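Going letter by letter, the sequence shown gives residues 1 to 195 in the working numbering. This report refers to the structure that appears directly beneath it.
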Amino acid sequence: MEHVSNKDDVKTSLRKVAKETSHEMMMQCVSRVISHPLHVISMRFMVQFVGREVKYRGVFSSIGTIWKEEGLLGFFVGLVPHILGDVIFLWCCNLLAHLINTYAVDDNFNQASVIRSYTKFVMGIAVSMLTYPFLLVGDLMAVNNCGLLAGLPPYAPVFSSWIHCWKHLSAQGQLFRGSSLLFRRASTPATFLID
Numbered sequence: 001m002e003h004v005s006n007k008d009d010v011k012t013s014l015r016k017v018a019k020e021t022s023h024e025m026m027m028q029c030v031s032r033v034i035s036h037p038l039h040v041i042s043m044r045f046m047v048q049f050v051g052r053e054v055k056y057r058g059v060f061s062s063i064g065t066i067w068k069e070e071g072l073l074g075f076f077v078g079l080v081p082h083i084l085g086d087v088i089f090l091w092c093c094n095l096l097a098h099l100i101n102t103y104a105v106d107d108n109f110n111q112a113s114v115i116r117s118y119t120k121f122v123m124g125i126a127v128s129m130l131t132y133p134f135l136l137v138g139d140l141m142a143v144n145n146c147g148l149l150a151g152l153p154p155y156a157p158v159f160s161s162w163i164h165c166w167k168h169l170s171a172q173g174q175l176f177r178g179s180s181l182l183f184r185r186a187s188t189p190a191t192f193l194i195d
């Protein structure tokens, strides 16, 4: 992100950021659509470990299994929340970095260029915490009701859509489960009064 000083340059620079972000968004969406079937297969490979299952043995046999059981749409389960998360991440990260570099970093500060070079990186970390629920919901939908134990009751409810999954996780306070690298979020166990 470059620094701008006068009002005309700010408008031009904001247009440039919007144009670059739009291009980046299109590339991200296309790459997500192309790679999502492999993401679904990899998620199912990992999840079958929970039930010690061997339903998905290799990439090509997994393609055949998904095609036979779920059809073409089976390869794109959970795609919408992943794309929404990617789009929100890109726009928030790029716009926040631009605004901070333009309005918050003082030109008179001798390390201004160093700070500007790290702004987008730091914004990426901050924004990724906000978009994590989209990735979680997308991953849960990729394995939900696919015939593996971890995607079926009693381990997981069967969701009718990603919005149903989002609402369920939100009601349970689980939208950010697994988001921390260092600390684990644990649900408070139910307590019973004994007379």
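Glycine included, C-beta positions come from ideal geometry on N, C-alpha and C. None of these values were measured; they are calculated from a predicted model.
Excluding sequence positions up to five before and after E20, its CB lies within less than 8 angstroms of the CB of N94, all in the same chain and listed in chain order. Runs of the alpha helix (DSSP H) lying entirely within the region 51-131, each at least 4 residues long, are 59-70 and 79-99 in chain order. Linking G173 to G78 through their CA atoms gives a straight-line distance of about 20 angstroms.
L84 and F134 have their C-alpha atoms spaced approximately 7 angstroms apart.
Counting C-beta pairs with one atom in each stretch, the region 154-162 and the region 136-144 have three or more that are closer than 8 angstroms, which means they touch. Under the three-state reduction of DSSP, R177 is assigned to coil, being neither helix nor strand. A buried status is given to P37, since no fewer than 16 other beta-carbon atoms sit within 10 Å of its beta-carbon. Using a Cβ distance threshold of 8 angstroms, V158 and L149 do not count as a contacting pair. Contact between the region 63-80 and the region 32-52 is present: three or more C-beta pairs spanning the two stretches fall below 8 angstroms. A direct Cα-to-Cα measurement between S62 and F45 gives close to 9 angstroms.
Put simply, the backbone Cα of I100 is about 15 angstroms away from that of K11. Assignment of C146 by DSSP, reduced to helix, strand and coil, places it in the coil class. For N144, the closest of L130, W166 and V127 by C-alpha to C-alpha distance is W166. Here M129 is actually not in contact with A97; their C-beta atoms are around 16 angstroms apart, not less than 8 angstroms.
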